[in-house]
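Going line by line, the protein sequences match chains A and B. As numbered in our numbering, residues 1 to 345 make up the first sequence, in order. As numbered in our numbering, residues 1001 to 1345 make up the second sequence, in order. Quick reminder that beta carbons are idealized off the backbone N, C-alpha and C, glycines included. To start, the structure under review is shown below, and the notes come after it.
Number of protein chains: 2
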Amino acid sequence: MKKNKKPTLKSIAEQLNISVTTVSRALAGYQDVNEKTRQQIEKVAQDLGYVPNLAARRLVTGKADAIGILLPVPYGDMRDHFLSNFLLHFGQALHAHDPNIDLVISYAPEGEQELNTYRRFIDSQRVDAFLVMRTRRYDPRVDLLTLENVPFVTHGRTENADKHNWVDTDAQKGFEQVTQYLIDQGHTSIVLLNFPERIFTSQLRAEGYESAMQRAHLPTHVVTTELTEGTPYKVALDLLQSDRKFTGFICASDVIAYEVIKAANTLGIDPMQELGIIGCDNLPVSSLSQPSITTLRSSFDAHSQALIEILDPYLKGYTAPLRNKLVNYELVERQSTSTSFSSVF
Amino acid sequence: MKKNKKPTLKSIAEQLNISVTTVSRALAGYQDVNEKTRQQIEKVAQDLGYVPNLAARRLVTGKADAIGILLPVPYGDMRDHFLSNFLLHFGQALHAHDPNIDLVISYAPEGEQELNTYRRFIDSQRVDAFLVMRTRRYDPRVDLLTLENVPFVTHGRTENADKHNWVDTDAQKGFEQVTQYLIDQGHTSIVLLNFPERIFTSQLRAEGYESAMQRAHLPTHVVTTELTEGTPYKVALDLLQSDRKFTGFICASDVIAYEVIKAANTLGIDPMQELGIIGCDNLPVSSLSQPSITTLRSSFDAHSQALIEILDPYLKGYTAPLRNKLVNYELVERQSTSTSFSSVF
DNA sequence: AATATAAACCAAAACGTTTTGGAATCGCAA
DNA sequence: TTGCGATTCCAAAACGTTTTGGTTTATATT
Chain A
1 MKKNKKPTLK SIAEQLNISV TTVSRALAGY QDVNEKTRQQ IEKVAQDLGY VPNLAARRLV
61 TGKADAIGIL LPVPYGDMRD HFLSNFLLHF GQALHAHDPN IDLVISYAPE GEQELNTYRR
121 FIDSQRVDAF LVMRTRRYDP RVDLLTLENV PFVTHGRTEN ADKHNWVDTD AQKGFEQVTQ
181 YLIDQGHTSI VLLNFPERIF TSQLRAEGYE SAMQRAHLPT HVVTTELTEG TPYKVALDLL
241 QSDRKFTGFI CASDVIAYEV IKAANTLGID PMQELGIIGC DNLPVSSLSQ PSITTLRSSF
301 DAHSQALIEI LDPYLKGYTA PLRNKLVNYE LVERQSTSTS FSSVF
Chain B
1001 MKKNKKPTLK SIAEQLNISV TTVSRALAGY QDVNEKTRQQ IEKVAQDLGY VPNLAARRLV
1061 TGKADAIGIL LPVPYGDMRD HFLSNFLLHF GQALHAHDPN IDLVISYAPE GEQELNTYRR
1121 FIDSQRVDAF LVMRTRRYDP RVDLLTLENV PFVTHGRTEN ADKHNWVDTD AQKGFEQVTQ
1181 YLIDQGHTSI VLLNFPERIF TSQLRAEGYE SAMQRAHLPT HVVTTELTEG TPYKVALDLL
1241 QSDRKFTGFI CASDVIAYEV IKAANTLGID PMQELGIIGC DNLPVSSLSQ PSITTLRSSF
1301 DAHSQALIEI LDPYLKGYTA PLRNKLVNYE LVERQSTSTS FSSVF
């Protein structure tokens, strides 16, 4: 049998013949309430199964105890994997950090209405802070949130990275390291299969690659490709048949790396014996593939921790100075860079 | 320069010298307000950028305008793909249905504290209804929500499916159809690589497979495998070397199907020419694989629509009779069931 | 005994909305 | 003039919490 009414501060107060104020303060842990009364209150609260009504609390405190993410519309293909998976982990990390903080998800598709959607979300005071995903180089959302003075942190840098909180992977360092990795294995003809420049990290990746190549006095070659069906495969076919005799392939995504392997197979080239291929993001396909793909992984947990650390003061209602954090990639060594190549060398 | 205060009903009312009530009713679209006043009110609201404070509204209406999902802890591998991706699509569909409904995400890891987490979430009245994911055969969450009289719908059936709302894919029909599909292609030795029985749908899948096989008077063979690293591959190797000369492989997941292909390659068997392989879930790997994998896809959108239709009355504050919906799988034909087999036949 | 200090408590206001139960105004028929 | 129904408006209460600015009671100090 269920109680027909939710217990409130008032019901607890009435049962003990004390004021609502005292009940509230007792449960909030204030020191100006007698230890004995506190225990009584806590007992009754427990018995009644009291849980504070969040709407009421939010109304009076002005805090939402929630952070918001306005997602872009899913692509419907593997490109969503990173975002959705990250979301899962971030949510979990947030819950571990403080189980009373909600993650509120809504959608703001890129386009005309995007900023309005943000505006309405901000104005309704549903959340204390925002996490902005899939940042763009010049990101109007960043401008809006800054202007409206709403706390937020971006996942990924923007052109105005010095003016807002952000967390990002150190793409430059990561790609420099994997380039060096292939150079150390004896590769001299190494190509970077990058995403178009429109993607902000593309530039950073290229810089990392180029700096390692230049240090080794090797010629650089960068090719860009979209992730649309068939495109990376064709690009890979071209490269494998080029005069430059590329043996090292550094790819902006595991999906691209996988297509390089397929292209090699098509041409009768054994990727394990003759090539060194490195992907990025540690997508499921990288471990399933044959050969499995050496890849750069950036820990979801490290990202989440950094984001949460930055968001934390805002959730508590404080203001905080701008912060940012570069998370290192870690190399996951697999078969696509087996050392058999260097022995041939 | 920003206004230093959020506009409220009161500020609008004062500016027009009318009552808060009228402003509220005008914006809510009630008929008892003069068309001219309504227009004035709407103009001022627009100019001031008025957006209702949700906490206040929720407090008085008792509705949260939100639905909650308490997620399990991610596995950290490809098994998360379906859940996280589904989440992305469901969120989008919900937003399309009504942009004012929030999706509130929190976590309730399976285990001792799970029900307490649910209880606190329920009692804080943060959401109007729940979507329960990764349902288990006997699911204590279902019992709790039913007992507490909180509206919810599960994604996937349970043993007590007749006592709650649910949406599920018609695994039985789907697996019957793909079995028939392989039979029609001339396969006679068809094995089902299923998940363990602990997973509720395993049984339904087996039933579908068995009924098609029995109708064709073919012997059935069911093998179960976990998705742990290496396991499906070993199972596939065994099957491919068995006396039974299996040529048809129906797999409970694309990941398993992919491992069958890998095992075939290892044994020098050409999967395209000699086998018919069918996966499930249309994971990214199924289209990337070579040969690409014929698979069963259940439309995220169809699921989301069904779920939202069931949830809708609760969001409006109505009660509603129990409902459920079976969503059909659709077959995505790819290379792993190319017809070259039947021509050999 | 008077006074200051500390401990324990509380009434009332505030947060911003919706809803209830009328009140005021107007036109029109009788 | 009265009465009546529409139309248009509104004061006040309510939702459940936190916070403010106290008051009361007990204890210590002079």
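Own chain partners of residue i with C-beta closer than 7 Å, once the 5 adjacent residues on each side are dropped
i	result
Ile1012(B)	Val1023, Ile1041, Val1044, Ala1045, Leu1048 and Tyr1050
Ser1211(B)	Glu1176
Arg1126(B)	Ala1064, Ala1066, Gly1068 and Val1104
Thr1146(B)	Lys1163 and His1164
Glu941(B)	What the structure shows of chain B is the stretch from 1001 to 1345, and residue 941(B) is not part of that stretch, so it cannot be assessed.
Supposed contact pair residue j and residue i - C-beta distance, whole angstroms, cut 8 Å
i	j	result
Thr294(A)	Val260(A)	Wrong, their Cβ atoms sit about 12 Å apart, outside the cutoff.
Val285(A)	Thr169(A)	Rounded, the Cβ-Cβ distance is 19 Å, inconsistent with contact.
Ala1264(B)	Tyr1233(B)	So it is not a contact: roughly 11 Å between Cβ atoms.
Leu70(A)	Ser106(A)	5 Å
Leu283(A)	Asp254(A)	4 Å
His1155(B)	Asp1301(B)	In fact, because the Cβ distance is near 14 Å, the residues do not count as touching under 8 Å.
Asn53(A)	Asn165(A)	Wrong, their Cβ atoms sit about 32 Å apart, outside the cutoff.
Val1142(B)	Leu1307(B)	15 Å between Cβ atoms; not a contact.
Leu1296(B)	Tyr1329(B)	4 Å
Ala1129(B)	Leu1311(B)	5 Å
Ser1084(B)	Asn85(A)	5 Å
Closest residue to residue i among the options (Cα-Cα distance)
i	options	result
Leu1062(B)	Tyr1314(B), Gln1273(B), Ile1308(B) and Lys1010(B)	Here the sequence assigns Gly to residue 1062(B), which means Leu is not the residue at that position. Among Tyr1314(B), Gln1273(B), Ile1308(B) and Lys1010(B), the Cα nearest to that of Gly1062(B) belongs to Tyr1314(B).
Asn1160(B)	Gly1174(B), Leu1144(B) and Ser1299(B)	Leu1144(B)
Gln113(A)	Asp77(A), Val73(A), Ser289(A) and Asp128(A)	Val73(A)
Gly174(A)	Leu307(A), Ala56(A), Lys245(A) and Ser298(A)	Ser298(A)
Ser1304(B)	Asn1149(B), Gln1039(B) and His1095(B)	His1095(B)
Asp1162(B)	Gln1180(B), Tyr1138(B), Gln1185(B) and Ile1122(B)	Tyr1138(B)
Glu1110(B)	His1097(B), Gly1279(B), Gly1091(B) and Tyr1075(B)	Tyr1075(B)
Ser242(A)	Asn116(A), Leu115(A), His221(A) and Asp80(A)	His221(A)
Arg215(A)	Asp184(A), Phe200(A), Glu229(A) and Asp238(A)	Asp184(A)
Lys316(A)	Gln92(A), Glu148(A), Ala93(A) and His97(A)	His97(A)
Pro1321(B)	Asn1149(B), Thr1117(B), Gln1092(B) and Tyr1118(B)	Asn1149(B)
Tyr1209(B)	Phe1121(B), Phe1200(B), Asp1238(B) and Ile1250(B)	Ile1250(B)
Nonlocal neighbours in the same chain, by C-beta distance under 6 Å from residue i, ignoring five residues either side
i	result
Gly248(A)	Leu182, His187, Ile190 and Gly276
Thr231(A)	Thr225
Leu204(A)	Ala171 and Gln172
Ile256(A)	Leu193 and Pro232
Ser336(A)	Ile277, Pro291, Ile293 and Thr294
Arg244(A)	Ser189
Residue i versus residue j - alpha carbon distance
i	j	result
Glu432(A)	Tyr30(A)	Coverage of chain A is limited to positions 1 through 345, which leaves residue 432(A) absent and any answer about it impossible.
Arg1334(B)	Ser1292(B)	6 Å
Thr1037(B)	Ile1101(B)	29 Å
Phe345(A)	Phe1082(B)	With a pLDDT of 39 at Phe345(A), under the threshold of 50, the modelled position of that residue is not reliable, and the figure given next carries that caveat. C-alpha separation (whole angstroms): 43 Å.
Arg1136(B)	Arg1198(B)	8 Å
Pro1151(B)	Pro1099(B)	20 Å
Ala1236(B)	Val167(A)	43 Å
Phe1195(B)	Ala1252(B)	6 Å
Leu1016(B)	Lys1005(B)	18 Å
Gln180(A)	Pro140(A)	36 Å
Thr28(A)	Pro1007(B)	The sequence given here has Ala at residue 28(A), not Thr. One C-alpha to the other measures close to 30 Å.
Ala1055(B)	Val178(A)	50 Å
Ile18(A)	Asn34(A)	12 Å
Lys10(A)	Val20(A)	6 Å
Arg134(A)	Met78(A)	15 Å
His1217(B)	Tyr258(A)	41 Å
Leu1059(B)	Arg58(A)	9 Å
Gln39(A)	Leu131(A)	40 Å
Gln92(A)	Thr1117(B)	14 Å
Phe1200(B)	Arg1119(B)	25 Å
Cut-off 8 Å between Cβ atoms - residues of its own chain near residue i, not counting five sequence neighbours on either side
i	result
Asp32(A)	Arg25
Asp1270(B)	Ala1264
Leu1240(B)	Phe1246, Val1260, Ala1263, Ala1264, Leu1267 and Ile1269
Ser1202(B)	Asn1194, Phe1195, Pro1196, Thr1224 and Ala1252
Checklist entry - In chain order, what residues of the stretch 23-40 of chain A put their CB closer than 7 Å to some CB of chain B? => result none
Item to check | Interface residues of the stretch 44-62 of chain A facing chain B [CB-CB below 7 Å] | outcome: Gly49, Val51, Pro52, Asn53, Leu54, Ala55, Ala56, Arg58 and Leu59
Next on the checklist: Tell me which residues of the stretch 180-212 of chain A have at least one Cβ-Cβ distance to chain B shorter than 7 Å, keeping chain order.
Outcome noted: none
Next on the checklist: Please list, in chain order, the residues of the stretch 100-131 of chain A that have any C-beta partner in chain B closer than 7 Å.
Outcome noted: Asp102, Leu103, Val104, Ile105, Ser106, Tyr107, Arg120, Asp123, Ser124, Gln125 and Arg126
Next on the checklist: Any C-beta of chain A within less than 9 Å: which residues of the stretch 1265-1295 of chain B qualify?
Outcome noted: Asn1265, Thr1266, Leu1283, Pro1284, Val1285, Ser1287, Leu1288, Ser1289 and Gln1290
Next on the checklist: If the cut-off is 8 Å on Cβ atoms, which residues from the stretch 1149-1160 of chain B count as contacting chain A, listed in chain order?
Outcome noted: Asn1149
Item to check | Members of the stretch 220-235 of chain A that neighbour chain B once the beta carbon cut-off is set at 9 Å | outcome: Glu229
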